[in-house]
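Read the structure below first, then the notes.
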Amino acid sequence: MIPKVLNWLEERTGLVSGLHHALYEDIPASAGWHQVMGSVALFSFMTQVFTGIMLAMNYAPTATEAHTSLKYILTELTGGQLMRGLHHWGASMMVIIVVLHMIQVFVWGAYKKPREATWMVGVVLLLITMVFGLTGYLLPWDNRAYWGTVVTTQIAGQAPVLGPYIQQLMGASNGVGALTFTRFYSVHVMILPLLMVLLIMLHVYLVRRHGVAPAADDNKPKKKFFPEQVFKDTVAIFIAFCILFALAIFAKVPLGRLADPTDTAYIPRPEWYFLFLFQTLKYFEGPLEIVGSLVLPNLALVVLLLVPFIDRGPAIKTAKRTYAMVVVLLCTLGWSALTMAALRNAPTNAGDEISLEAPEPWQELPPDQLAGIGVFRKEGCVQCHSAGKQPFKTAREMDWVTDHIKEKHVGPSPENQLRILASFSRKASDDAIKNMTAAAQLPVEGAIFYQVNQCGICHEINGVGMKTGPKLNGVIVRRTREWLTGHFIDPQKYSPGTPMPAYKFSPNDMERMLAYLTSLPE
Amino acid sequence: MPDNNDNLPETPRRSFFTAAIFGLGGIITAALGGLAGGYLLIPPKAKKKDGWITVGDLTHIPANKPAELVFQKTRVDGWKVTREKATAWILKKSDTEVIAFSPQCTHLGCAYHWEDGSNTFICPCHTSAFSPDGKVLSGPAPRALDRYDVKLDSGKLLLGEIRRSEQA
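Printed below as a string of structure tokens:
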């Protein structure tokens, strides 16, 4: 049955002999473990395509929804964090593997005649890999993404003559925004993958056309690509995959707060493989800045592209190519030193990361219920109303409850807080009663404070309160703690024209309030 | 067919290589495939549902005549949680007995309506007809109209989840 099907397939398509031809390609006897990197790079790209498509299945590619949908992937979908981890670390891994592949090709002298074009296509593939990283960096639409891209588009704008046009193409003429996001997304998922596939095909075609480069003194008869070299490639791919999987599981990729163009505290940094460029920029100031930002990087790219024409000697043996070896060593050292220098001064951007844990049930309680729990605790009601003793919730008249609380309370609560307790004793929800002890203390105190100051007259929390002012769920993602603190003290300074009155909270009360706002689910 | 001259004899070394290629490739495929399966097919962690929604006062609804009630409910749609309009067809049998039908035909999900003249619910898509208590009278509908869970609280009607009906 199977031979029959294969025969039919071969007769109609020629696929069987095509595959055979591909697998039984002649390769030099000296081919071996050092030549696995090309296959690993291809595998790495395929993994990126796969995980990228998977992410796209649950991702909303607009500036308004990207962050929310990514958070949904990370917090609510099975394997969502793993999928994003694979894509994130896969990008880094791909850069490393492509660079290792290039170093191997360089050291073995495999870029020399007649393989110049193969090398140059390879350099373009490296460039595309980097642009993949650059455009993908914006897509989480958090502060890291936003501010990193602001810097990128500004640098592009510095290009002589072309600068404004490049910015226009990036959709960043009026700053980074919705248009930039959409441009980056379409480049990332439509243009680059297509270019990459076409150039990989050309690259592999050229490798096949000229054959795998043999070692300098390899005069032995050729061998077949399958199965030994395929086995070595597969083992290398498997090791790379295990490392990637382990990274995705153990090295969690954070999600920052939603991109905030008004955040003056955020210190942007590019992805690690661009840090050498970032650091280079620091050494050029004023009119010379363009040297660090554009001239040197582009010059380096041109030199890399032209390597086969700069080094035209026929020698392949490393011992006879001292200069070439010194150059590759110096480049590696220079790149490492610049990257290390940038890493040493890496800012922490503390507090920018958002929690990916699902909210606890108490975090979803309306403010009056959480405040009720707070006063209940302070007044020691638990002594009589704990589980199994007197039930706490009552249907008695308000007057009776108020009198009862006044008579029994032992804590320091002022009258307005006792009113919160009285109301709570008649309206306590099942969720609130279940979470009397689970709720964290500082947010609970913040909730009392929120109720006492009647913030609910303008604001909504967990679906309760008015909508005159902004909804406070997620405010901690939209704003920094510094911004919120400043806004409480002097609202006009931060939101000119806002009807919000100024609140001169004591440091302790401010801490409580911020703890409460931080605890709210988005 | 391919030229078989290239095929070297099956030695244990070749068999080992081939087995390892398929084995390691299989592990990678299984890991990514399994992950993708879970990621795409396992429903997202449940967000807090509405629970019971108060949809209106029962006293305004006439007895024994289906009436359409429109109310607001929360819809969890992927990463979006929105408030949207929902409807239910209500049949008040008495002050203590109420049925609330899901507004979609059990055949292919079209919205049906009540026709006074024939005293039936009619689906305009494929002409399924249902009796006032939801039973299929004619047409391709495979089962009776689905019902909401119903609760009455001092004259107020509360709706819960939609239950799939089993009967014809």
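Heads up: the sequence lines are chains X and H, in that order. Under this note's numbering, the letters of the first sequence match residues 1058 to 1579, in that order. Under this note's numbering, the letters of the second sequence match residues 43 to 210, in that order. Note that the Cβ used here is the ideal one computed from N, Cα and C, for glycine as well.
Item	Value
For a test of the three-state rule: what should DSSP assign to residue 181 of chain H, helix, strand or coil?	coil
Along chain X, which residues have their Cβ under 8 Å away from the Cβ of residue 63 of chain H?	1284, 1287, 1288, 1291
To which residues of the same chain is residue 1541 of chain X closer than 8 Å at the C-beta, ignoring the five residues directly before and after it?	1532, 1533, 1571, 1574
Look at the Cβ atom of residue 135 of chain H, then the Cβ atom of residue 1133 of chain X, and state whether they are nearer than 9 Å.	no
For residue 1274 of chain X, count neighbouring Cβ atoms within 10 angstroms of its own Cβ and tell me buried if that reaches 16, exposed if not.	exposed
According to the neighbour-count rule (16 or more other Cβ atoms, all chains shown, within 10 Å of its Cβ), is residue 1576 of chain X buried or exposed?	buried
Would residue 1140 of chain X pass as an interface residue toward chain H - the criterion being a Cβ-Cβ separation below 9 Å?	yes
For residue 1587 of chain X, I'd like the list of residues in its chain whose CB is within less than 7 Å of its CB, leaving aside the five on either flank, ordered along the chain.	Since the first residue shown for chain X is 1058 and the last is 1579, residue 1587 of chain X is missing from the structure and cannot be characterised.
Of all the options H/82, H/133, H/152, H/126, which has the alpha carbon lying nearest to the alpha carbon of residue 176 of chain H?	H/133
Counting only Cβ pairs nearer than 7 Å, list the residues of chain H close to residue 1134 of chain X.	81, 86
Just mark residue 1580 of chain X as buried or exposed, buried being the case when its beta carbon has 16 or more other beta carbons within 10 Å.	Nothing about residue 1580 of chain X can be read from this structure; chain X reaches only from 1058 to 1579.
Between which two residues does the alpha helix (DSSP H) carrying residue 1211 of chain X extend?	1200-1214
CB residue 1500 of chain X to CB residue 1426 of chain X, shorter than 9 Å?	no
With 9 Å set as the bound, which would you pick, yes or no: does the beta-carbon of residue 96 of chain H sit closer than that to a beta-carbon of chain X?	no
Which class does residue 1566 of chain X belong to by DSSP, given the choice of helix, strand or coil?	helix
Where does residue 1380 of chain X fall in DSSP's three states?	helix
At 4 residues or longer, what runs of the alpha helix (DSSP H) sit wholly inside the region 1223-1247 of chain X?	1235-1243
Find out if the Cβ-Cβ distance for the pair residue 163 of chain H, residue 155 of chain H is shorter than 9 Å.	yes
Can you confirm whether residue 193 of chain H, when its beta carbon is compared against all beta carbons of chain X, has any partner nearer than 9 Å?	no
Taking the alpha carbon of residue 180 of chain H as the reference point, which residue from H/208, H/157, H/83, H/168 has its own alpha carbon closest?	H/168
Using C-beta distances below 8 Å, list every residue in its chain close to residue 43 of chain H, excluding the 5 sequence neighbours before and after it, in chain order.	In this predicted model, residue 43 of chain H has a pLDDT of only 41, less than 50, meaning its place in the structure is not dependable enough to derive any value.
According to the Cβ coordinates, are residue 1129 of chain X and residue 1192 of chain X closer than 9 Å?	no
From what residue to what residue does the beta strand (DSSP E) around residue 1361 of chain X run?	Counting along the chain, residue 1361 of chain X falls outside any beta strand (DSSP E), though it belongs to the alpha helix (DSSP H) covering 1353-1362.
Counting only beta-carbon separations shorter than 9 Å, does residue 74 of chain H have a partner in chain X?	yes
Please confirm if residue 1059 of chain X has its CB atom under 9 Å from at least one CB of chain H.	no
Given a cut-off of 9 Å on the beta-carbon distance, is the pair residue 146 of chain H and residue 188 of chain H in contact?	yes
Closer than 6 Å by C-beta to residue 1519 of chain X: which residues in its own chain qualify, once you throw out the five before and the five after it? Chain order, please.	1421, 1423
Pull up the distance between the alpha-carbon of residue 1229 of chain X and that of residue 1262 of chain X, whole angstroms please.	38 Å
Quick one: any contact between the region 1377-1387 of chain X and the region 1148-1168 of chain X, if contact means 3 or more CB pairs under 8 Å?	yes
Would you mind giving the Cβ-Cβ distance between residue 113 of chain H and residue 95 of chain H, rounded to the nearest angstrom? I have them listed as a contact below 8 Å.	6 Å
Checking 9 Å against the spacing of the C-beta atoms, do residue 1288 of chain X and residue 1083 of chain X come in under that value?	no
Does residue 1561 of chain X have its Cβ less than 9 Å from a Cβ in chain H?	no
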